[in-house]
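Report on the structure given below.
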Amino acid sequence: MSTGFEQAYCRVGIDVGGTFTDFVLADQRTGAILRFKEPSVPDDPSLSVERGLPQLLALANVEPRDIALIVHGTTIGLNATIQRRGVKLGMVVSKGNRGILEIARSQMPSAFDFIAPREEALVPRDLVLEVSARAAHDGTILSPVCDAELDQLAESFRAAEVEAVTVVLMHSFAHPQLEAEVVAGLRQRMPGISIAASSIVWPEKREYERAIIALLNSYTQPLMESYFDRLDHRISNLGITAPIYITANNGGILSLETARERPIDTILSGPASGVVAAANVAALTGIDQLITVDVGGTSADMALVHGSHPANTTRAQIGDFPLVLPVIGVTAIGAGGGSVVWVDKHGLLKVGPQSAGAYPGPICYGRGGTEPTITDCYLVAGLLDAERFLGGRINLDLGLARKTLEEIGRRLKFTGDNVAEQAAEAAIRVAAAVMATEMGRELAHRGDDARDYSLLAFGGAGPTHANLVADEAMMGTVVVPGLPATFCALGAILADVKRDYVASNQVEVSDQSAARLTEIFTELTGKARDWIAGEGEFLSEITYEHILDMRYRGQGFDLQVKLPEDLQAALDPAALTALFHACHDENYGYRDGESDVIVMAQRVRVVGKMPALTQARLAGEGELPTPIAQRRVFHDGRFIDAPVFDRADFTGGQSFAGPAIVEQGDTTIWILPQWACTVDHWGNLLIRRGEASVSP
Amino acid sequence: MQLDPVTLEIISRKLIALTDEIYFTVQRTARSSYVNEVADFAVALLDTNGDVFAYPPSASFNFLIDTNFKTAIEAVPDLEPGDVIITNDPYTSGGLSTHLPDVHLIQPYFHEGRIVGYGWSFIHSLDFGGNVPGSVSAASHEIFQEGFRIPPMKLRKGDALNEELLSLIRLNTRVPDVTIADFKAMMGALETGNRRYGDVIERFGVDTVLQAQVDLLNYTAARARDVLRRIPDGVYDFWDYLDDDVVTNIPLRVRLRMEVKDGQVLLDLTGTDPETQSAFNVPSLGRRMYWLSFRLTGIITTFDPDIPRNAGLYRGISVRNQPGSVFDARPPIAVGLRHSAPYRLFDCVTGAVLQANPEIMSAAMGGSMATFRFTEKMPDDTLRVEVVEPLRSGMGALDGRDGVDARDNSINNMRNRPLELVEMEQGLRVLRYDINPDSGGAGKYRGGVGQSLTVELTGENGGDIQISGLERSRMAPWGYAGGKSGALVSAVINEGRPDERPVPKGMPVRLKRGDTVTLRMPGGGGIGNPMERDPAAVETDVRRGFVSAEAARAVYGVVISDGAVDADATAQLRSTAQEQADELFSFGTQRLAWESVFPDEVMLDINRRLYALPRARRHDVRKEIFYSALPALREGTKIPLDQLISDPSEARARLAEALDRLLPAHAPA
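Next comes the structure, spelled out in structure tokens:
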């Protein structure tokens, strides 16, 4: 399968973004990590991979045979879903259920807008066909599969030339036999057409949500398969024989084979990889409660890291659809570098939601942009240097940006000499407030407070804005990792192989429950074991996490409870009940000692550890480098002088006080007055509220 | 505006996010499925005057912003830090609560010894006592039948819960544990709000925050008025009907005159029918309030989605109520189904705005939001009260686009329940949950179709069903500019069997194992002549089952053969189609028949005379007048009004006679 980790010593992570495809190469002998950016090719992202890889190898001075592993993240499935470019699907449902995709969960996208339309069904109702085969919730077969009916279904689907069929029958999550029979019957009748059962793809209760997972898997599969084939082909043509892995929604990675079969597991992986890299920083630094903020051109995304693990959610959204798979919870929190700054007709300063996008982009790019953006504000306020932006690759037009922001300032009735700078600072403050308040909202879903977290910033604009956001959110610490602008590509090679399994059996916690739950877990673990055996021979350690979805009797929702490692002890009814009470108390602030406890679902997560990545430590204890420049930054209504450091000059262990600016090729870090920065041994900047400390 | 525009924007953002935090905290910690599955609850921050100044964007409805909190706050004068006010009583809370299951909590927020705002939260409780599980029955006529009433009082005094009150509540609800757990969730959330509000005050200073309360309302008022200016100045009349009020068989008319001047809107309800002896009355206590203004709220937030939502929305809106009308309930009349008549007022505002500016308005929404409750005895002898599904109509067509099928956010945007959970948790099997074909009003742009549901009772003991909101059984959701009306609602027990019978609206019915209940929801009204609809769109509708082939031919003049449009046959059929009548609205046959006897001017005259009578006599006299004009109504028949009114001139004569006899025009009251 590969040349093995012994001979080949480099791992390559590749993350495809809208504008750039990011590469990182980790050299296992030295611990050095190199980065490279190649413009993306939206029509065929594998082309930018093919173009970029040789340059990366040349930069690192390594041969194709030195590559041990390639991990790749793609948003092809996501884009295909959002733009509705998937295949023509047919769907089979239980009798009476043909309206499932029309009704969905019966909600409109907004409660407050009666003009906005709802989503178009993923499968039009004429291609949603009914079978009379029906199970009751307890598994009783009310009506068996009928051959003549299947003949008819196959005929209809053939006539409509559907490219794939998904079968979603009532209660199949617990009683999959009928679904399996229908799938088998249709496969016989429709050779060459892919037929999928919802209970195989993701056997969770709630027919609409289960249907969407299975449908999206079928919908994106042919597209993803052909992309993966192209990618595989292009990479082998470069003489690279290393195995290719694909990043997954849950922060793990999957072999190319699994990704071909289950593209749904990779569909939201784009932003997840950065959070994996953040979890690695958390583990290295011991700062293990993190809010991560990834600020790109058009938006900012946030996620959480708890105890060095990315926080999962089972309530994600993909385009118009709910996704109940366990995924790393990433939420958009508004403004990005390209967000437009404007004044409404009643005189209030607004940032976004419109964005200048990648093209024409900010005014200062000089590509015809006419609306001032946050990036223009950074420039006018002095946070960016017109000549050195992105390592000098783009020369920014300060005059143009200044002129437009002056106009904004006038409309805000600012006076004095620095109207443009005042407007720029005001907009930066508003953007920080938007991000901070949106963060607070998201945390409220969990009952958390931002002050209990540190902020880790990545993406091109994240480090520029991070200190302002942390200040606004009353947080005490900001972490800027070494490679913030290629953080997702780094996260890809830090990830382990990971997959989730679910069973939805209702089990009342009682004297009999331990045996039943053991039986279910044994079955799930068996599936997981069989699968991971084929995911690569170099996985060093296989572990299984056991999770139960539990609730009090009569409660309208479940709580996911992770079981301790000693499974048998954990499943003891008294221990399990006590564990649930404690979790409920921790999450919701109360417990109900009187109530029966019911298990609603069982989950297993299997993790196959990748061999650890060698990460270099900085020498440390060096002198504070000489600033490469001094810059005037407009802050708090006046110009202040800030030294500018080149990040490459830091050798670890240094401390200095804000105001200060740190520049690196692909981003700029702004450190506020009253805050201080320490460079740790892993190359992270730790920016803390308060004066500079003497020791790191 | 007093604050600088940057500070105001930042504070506004913070306050709005803060209300979302309170909202999520309730959602996360409450126990009842009303909160967790369907989100029938709300929260807000109130200013020192007791008006909403920040409201959560995540809420599933927004019109509650137009609520009078002041009466409840003033009723508890000796407020201290930590206190929480509770009330569910419409009459003593000044209309804060509008029916008894809605339990409201208000916590004063203090800063250095003075009140600087209030947190508010309410939850629709599963049950708050009264004559039926769920506490809402159409047949109730006094509020005493509807449940346990709590005037504004303290639920918590400082740190101490009012245990005496809690023990009373425990005894008076069918689901005490869940109810009390929900109160605790609300209190916890309000306290979260208190802390967060304290953070904002600490950050910006109390004077700035108090000034922001004023500025934000002014800002919203200015933006709201900009939206309402899209309605041209003028006077617009419209009326619509509840099919009946349960205790009589007489349609109940809502009469609106909307007067618009430069973005200021007066909703004049003069001429609306009197209060009912059933639970359809709205406890507005004569004021403007959310059940009267909510269509206008929706118009403002549709055309200005980012507007900060606060009491400033309503500065340009006023209401002239008809004293004694269904919109002016006074103690002790029943109010449980207080949302039904406002839904028709919603349609009246829709019709009025359509006349004024058709570009910003749709044809009638399906107009029915049925809540299907099922109560069954559990093995341990406890009662389980649960909503099976909230059922939706289709939405009205817009000029240029079809109405939305099988969903409707007119009143709220609650989620449904997955069928697998319905079957797992209740003694029910779902035989069908689908669209209701041919229910969308035909038109060049078709009205959205409604939903349909059939369930079978499978539990050994059967159970009680109760379906509220079954409106549009006679008076169809109307179409506009040549568009047709949507289908009527229908709710039937044991459809197709010998014992088939209709479900009475809003009242519990005991059913046994094996019985079925079938609901078919109305569709929205269409816009434009259906003969002008693109035949390809009709073909798609037929293929997908939204329109039957028969309707395609009969209503749209489109001939479908072998699944495709037969262009020649279609052209021929359409060329022989009759010229459309030149009516602006198509109201459906039953309303036309009804108005052939009771047109607007006659109804206004009847009501002028009725309102001259003492309140206590109006109901009986009104009944006598309508039953005299149409004797067949008296027997409670549900045969369609156009069949019932076979000879309008005869009915008009009987009406004139009855009016002379019972309500002579110039007789002393």
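These protein sequence lines map, in sequence, to chains R and F.
Its first residue numbered 283, the first sequence is counted upward by one per residue in my numbering.
Its first residue numbered 8, the second sequence is counted upward by one per residue in my numbering.
Virtual Cβ for every residue (Gly too), placed ideally from N, Cα, C.
Since the model is a prediction, treat every value here as computed from it, not as a measurement.
Start and end residues, beta strand (DSSP E) containing residue i
{"i": "residue 111 of chain F", "result": "109-118"}
{"i": "residue 446 of chain R", "result": "446-450"}
{"i": "residue 60 of chain F", "result": "59-61"}
{"i": "residue 539 of chain R", "result": "Taken as a continuous stretch (DSSP letters only), residue 539 of chain R belongs to no beta strand (DSSP E), being part of the alpha helix (DSSP H) at 538-543."}
Spatially closest choice to residue i from the options, by CA coordinates
{"i": "residue 255 of chain F", "options": "F:299, F:645, F:666", "result": "F:645"}
{"i": "residue 670 of chain F", "options": "F:470, F:653, F:612, F:36", "result": "F:612"}
{"i": "residue 565 of chain R", "options": "R:549, R:590, R:543, R:586", "result": "R:590"}
{"i": "residue 357 of chain F", "options": "F:549, F:444, F:342, F:238", "result": "F:238"}
{"i": "residue 478 of chain R", "options": "R:487, R:488, R:494", "result": "R:494"}
{"i": "residue 615 of chain R", "options": "R:722, R:888, R:510", "result": "R:722"}
{"i": "residue 747 of chain R", "options": "R:954, R:487, R:515", "result": "R:954"}
{"i": "residue 367 of chain F", "options": "F:236, F:509, F:334, F:123", "result": "F:236"}
{"i": "residue 299 of chain R", "options": "R:466, R:420, R:428, R:576", "result": "R:576"}
{"i": "residue 486 of chain F", "options": "F:507, F:341, F:591", "result": "F:591"}
{"i": "residue 422 of chain R", "options": "R:399, R:389, R:407, R:458", "result": "R:458"}
First through last residue of the alpha helix (DSSP H) which encompasses residue i
{"i": "residue 911 of chain R", "result": "Residue 911 of chain R -> not in any alpha helix (DSSP H); beta strand (DSSP E) instead, spanning 911-917."}
{"i": "residue 671 of chain R", "result": "Premise fails: residue 671 of chain R is in no alpha helix (DSSP H) and is neither H nor E."}
{"i": "residue 347 of chain F", "result": "347-363"}
{"i": "residue 49 of chain F", "result": "Careful: residue 49 of chain F lies outside any alpha helix (DSSP H), inside the beta strand (DSSP E) at 48-53."}
{"i": "residue 461 of chain R", "result": "459-471"}
{"i": "residue 634 of chain R", "result": "Counting along the chain, residue 634 of chain R falls outside any alpha helix (DSSP H), though it belongs to the beta strand (DSSP E) covering 631-637."}
{"i": "residue 483 of chain F", "result": "No alpha helix (DSSP H) holds residue 483 of chain F; DSSP gives it neither H nor E."}
Sequence-distant residues of the same chain with beta carbon closer than 7 Å to residue i, five excluded per side
{"i": "residue 138 of chain F", "result": "144, 147, 152"}
{"i": "residue 109 of chain F", "result": "95, 129, 131"}
{"i": "residue 553 of chain F", "result": "412, 442, 444, 447, 456"}
{"i": "residue 875 of chain R", "result": "863"}
{"i": "residue 634 of chain R", "result": "616, 617, 621, 622"}
Residues that residue i contacts on chain F, provided the C-beta gap is smaller than 9 Å
{"i": "residue 379 of chain R", "result": "426, 437, 439, 440, 441"}
{"i": "residue 390 of chain R", "result": "402, 411, 414, 415, 416, 420"}
{"i": "residue 452 of chain R", "result": "426, 427, 430, 437"}
Contacts that residue i makes with chain R (C-beta to C-beta distance below 7 Å)
{"i": "residue 412 of chain F", "result": "384"}
Same chain only: Cβ atoms within 8 Å of residue i, ignoring 5 sequence neighbours per side
{"i": "residue 676 of chain F", "result": "Below a pLDDT of 50, predicted positions are generally treated as unreliable, and residue 676 of chain F, at 43, falls in that range; the measurement from the model is reported next regardless. Excluding positions up to five away in sequence, the list reads 619, 620, 621."}
{"i": "residue 215 of chain F", "result": "10, 14, 18"}
Contacting residues, own chain, Cβ-Cβ under 6 Å from residue i (five flanking each side not counted)
{"i": "residue 519 of chain F", "result": "469"}
{"i": "residue 435 of chain R", "result": "411"}
{"i": "residue 175 of chain F", "result": "none"}
{"i": "residue 155 of chain F", "result": "135, 136, 179"}
{"i": "residue 324 of chain F", "result": "272, 300, 303"}
{"i": "residue 991 of chain R", "result": "No statement about residue 991 of chain R is possible, as the shown extent of chain R runs from 283 to 978 and does not include it."}
Chain R residues whose Cβ lies nearer than 8 Å to that of residue i
{"i": "residue 27 of chain F", "result": "723, 726"}
{"i": "residue 431 of chain F", "result": "419, 487, 788"}
Chain F residues whose Cβ lies nearer than 7 Å to that of residue i
{"i": "residue 826 of chain R", "result": "The premise fails here: residue 826 of chain R is roughly 28 Å from chain F at the closest Cβ pair, so nothing lies under 7 Å."}
Using Cβ-Cβ distances below 8 Å, what residues of the segment 709-722 of chain R are close to chain F?
-> Residues passing the 8 Å Cβ filter: 711, 712, 715, 716, 719, 720, 722.
Chain R contacts made by the segment 32-54 of chain F, where a contact means CB separation under 7 Å | Answer in chain order: 32, 35, 36, 38, 39, 40, 43, 44.
Taking Cβ-Cβ distances below 9 Å as the criterion, which residues of the segment 913-937 of chain R are in contact with chain F?
-> Listed by position, the residues of the segment 913-937 of chain R near chain F (Cβ gap below 9 Å) amount to none.
What are the residues of the segment 673-699 of chain R that lie near chain F, defined by any Cβ-Cβ distance shorter than 7 Å?
-> For the segment 673-699 of chain R, which is checked against every Cβ of chain F, the residues closer than 7 Å are 694.
Taking a cut of 9 Å between CB atoms, which residues from the segment 829-844 of chain R lie near chain F?
-> Listed by position, the residues of the segment 829-844 of chain R near chain F (Cβ gap below 9 Å) are 834, 836, 837, 838, 839.
Which residues, in order along the segment 65-89 of chain F, keep a beta-carbon less than 9 Å from a beta-carbon of chain R?
-> Residues passing the 9 Å Cβ filter: 65, 66, 67, 68, 69.
Which residues, in chain order, does the segment 627-638 of chain R contribute to contact with chain F at a C-beta distance below 9 Å?
-> So the close ones are 627, 628, 629, 630, 631, 632, 633, 635.
Near-chain F residues of the segment 864-898 of chain R (beta-carbon distance less than 9 Å), N- to C-terminal order | Cβ contacts with chain F: 869, 870, 871, 872, 874, 876, 877.
Could you run through the segment 459-482 of chain R and flag, in chain order, every residue whose CB is less than 9 Å away from some CB of chain F?
-> Per Cβ criterion, the list is empty.
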